[in-house]
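Mapping the sequence shown onto numbering that gives the first Met the number 0, position 132 (from 1) lands on 131, and the numbers just tick up by one. Even glycine gets a Cβ: it sits at the ideal position worked out from N, Cα and C. The structure under discussion appears below in the form of structure tokens.
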Amino acid sequence: MAPKQSSGTRAKAAQSKSPSSERTILVTAGEGQTGRLVIELLLTDTNYSDKYKSLTALVFSEEGKTSLDEFTSQGLEVLVYDPSDKQALVQAMEMVDTCLLIPPARKDKAKVTRTLLEAAKKAQTVINMVLLSSAGADYAERDKQPRLREFIDLETLAMQPKQDASTGDTGHSPCVIRAGFYAENLLLYTKQAQGEGKLPIPIDDHHKFAPVALGDVAQVCAFALTSVGPHGMADEVRGEILVVTGPQLVAGPELAQAASQALGTKMEFQSISEKEAIKILSSDQGAEVDEAEKEYLLEYYSLVREGKTSYVSNAPMLAFFGHRGQEPTEFFKTYSSEFKPKKRRTVKNGPAASRTRSKAVNGNGDVAEQDEDVEFVDDE
0 MAPKQSSGTR
10 AKAAQSKSPS
20 SERTILVTAG
30 EGQTGRLVIE
40 LLLTDTNYSD
50 KYKSLTALVF
60 SEEGKTSLDE
70 FTSQGLEVLV
80 YDPSDKQALV
90 QAMEMVDTCL
100 LIPPARKDKA
110 KVTRTLLEAA
120 KKAQTVINMV
130 LLSSAGADYA
140 ERDKQPRLRE
150 FIDLETLAMQ
160 PKQDASTGDT
170 GHSPCVIRAG
180 FYAENLLLYT
190 KQAQGEGKLP
200 IPIDDHHKFA
210 PVALGDVAQV
220 CAFALTSVGP
230 HGMADEVRGE
240 ILVVTGPQLV
250 AGPELAQAAS
260 QALGTKMEFQ
270 SISEKEAIKI
280 LSSDQGAEVD
290 EAEKEYLLEY
300 YSLVREGKTS
310 YVSNAPMLAF
320 FGHRGQEPTE
330 FFKTYSSEFK
340 PKKRRTVKNG
350 PAASRTRSKA
360 VNGNGDVAEQ
370 DEDVEFVDDE
């Protein structure tokens, strides 16, 4: 499901003191939700659209290329990743000076990311290297949360060119953005939210985390890519590890309370086991989620249960945009149609019910009209 942007994510973008840039930008995994939203911001948001010369997306399939067709008329060039043609990758990197490296949501993401970084090193032109990583990766244990921990390995690879003279200009201006748990992951539970009025999450009542809106992460990425400083990107970005979480630390019941407030109907938190979480992810609800991404989600929930996500990091949002980011209530308002319990039709006798005419089949098989009392209620 495509992410939605609230008014808050665009409300107060920072004004750059630098003139329009001649920057040439490449966004990898452009067909993914994060990449696509960053591309959309760069093309359509006036805070960014005049701060670069060209924009290219690298995708991992022909289907992914087709998914970005709507942006090609706006100047986006789309390249399809071919791991067997490493020279083509180097040539693609030679055409840009700025890269947003988004590891793809697939099992071989580490291998793919290494291949792209090697191509960038050989190109020696990618001055500004922004890697999208994951908050919590530094707390992950390699034997318990390997999908999370491998982001630390990728961060190390992304920062190495800075001290390697043989790579030319590549990586001279690096930045790592560690994104927190995407609030949009909660959309996996809309079936339970609509049908039962519940948010089933594999954590206990007292476990806390700070879900972040995908739109806020995309804004930070777009800001970093188009920021300008004396050595590449702006000084507040260059060489930084930017941790971006949501603005509010919440436990499951507090998350349900925010949903109830936003939706105007009661929503309850349901603590489920990891086995039950796997069952949901293995059902139709998780059909569009890659297996590696499912593993990542389960590992992140395990971090929450271990108490390793009990923090917020709003500094990038406050510094760049002047606000904390999308609050939980705003998130649920943005996606109210996906979460709000559907109304069901029930028969009820009494003055509060509406009087309607309906058709009924009697014992002889004849159809007869009859009055019935009907009340429409929220399916809570």
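- Residue burial is scored here from C-beta neighbours: K339 has at least 16 other C-beta atoms within 10 angstroms and is therefore classed as buried.
- Excluding residues up to 5 positions away in sequence, L156 lie with their Cβ nearer than 6 Å to the Cβ of L116 in the same chain.
- Between T244 and S312, the beta carbon gap of about 5 Å places them in contact (Cβ cut-off 8 Å).
- The residues A118, K121 and A122, in chain order, have a CB closer than 8 Å to that of V89 in the same chain once the five nearest residues on each side in sequence are set aside.
- In the assembly as shown, D96 is a buried residue. Its beta-carbon has 16 or more other beta-carbons within 10 Å.
- The C-beta of G63 has 16 or more other C-beta atoms within 10 Å across all chains shown, which makes the residue buried.
- E329 is classed as buried because its beta carbon has at least 16 other beta carbons within 10 Å across all chains shown.
- When the Cα atoms are used, E287 and K265 turn out to be separated by approximately 28 Å.
- DSSP places P252 outside any beta strand (DSSP E); the residue lies instead in the alpha helix (DSSP H), whose first and last residues are G251 to L262.
- Taking the Cβ atoms as the reference, P315 lies roughly 5 Å from L241, within the contact range of under 8 Å.
- Each of H206, I151, T33 and Y51 was checked against the Cα of L302, and the nearest Cα belongs to H206.
- Secondary structure within the region 278-304: not one fully enclosed beta strand (DSSP E) run of 3 or more consecutive residues is present.
- Boundaries for T97: no alpha helix (DSSP H) harbours it, while the beta strand (DSSP E) harbouring it runs T97 to L100, taken from the DSSP string.
- In the three-state DSSP reduction, Y138 falls in the coil class, being neither helix nor strand.
- At the C-beta level, P103 and A28 come within 7 Å of one another.
- In this structure, G251 keeps its C-beta atom at 7 Å or more from the C-beta atom of D215.
- Ranking Q193, P199, L213 and Y310 by CA distance to the CA of A276 puts P199 first.
- Leaving aside the five residues that flank G285 on each side, the residues in its chain whose CB is nearer than 8 Å to its CB run, in chain order, L187, I279 and K293.
- Look at F208 here: in three-state DSSP terms it is strand.
- Residue nearest to D142 within the set F331, E298 and R304 is E298 (criterion: CA-CA distance).
- Beyond the five residues adjoining it in sequence on each side, K307 comes within less than 6 Å, by CB distance, of Y138 in the same chain, given in chain order.
- With contacts defined as CB atoms closer than 7 Å, A255 and F268 qualify as a contacting pair.
- With contacts defined by Cβ atoms closer than 7 Å, K332 and A261 form a contacting pair.
- At the C-beta level, N127 and S172 come within 7 Å of one another.
- With at least 16 other beta carbons inside 10 angstroms of its own, S226 counts as buried.
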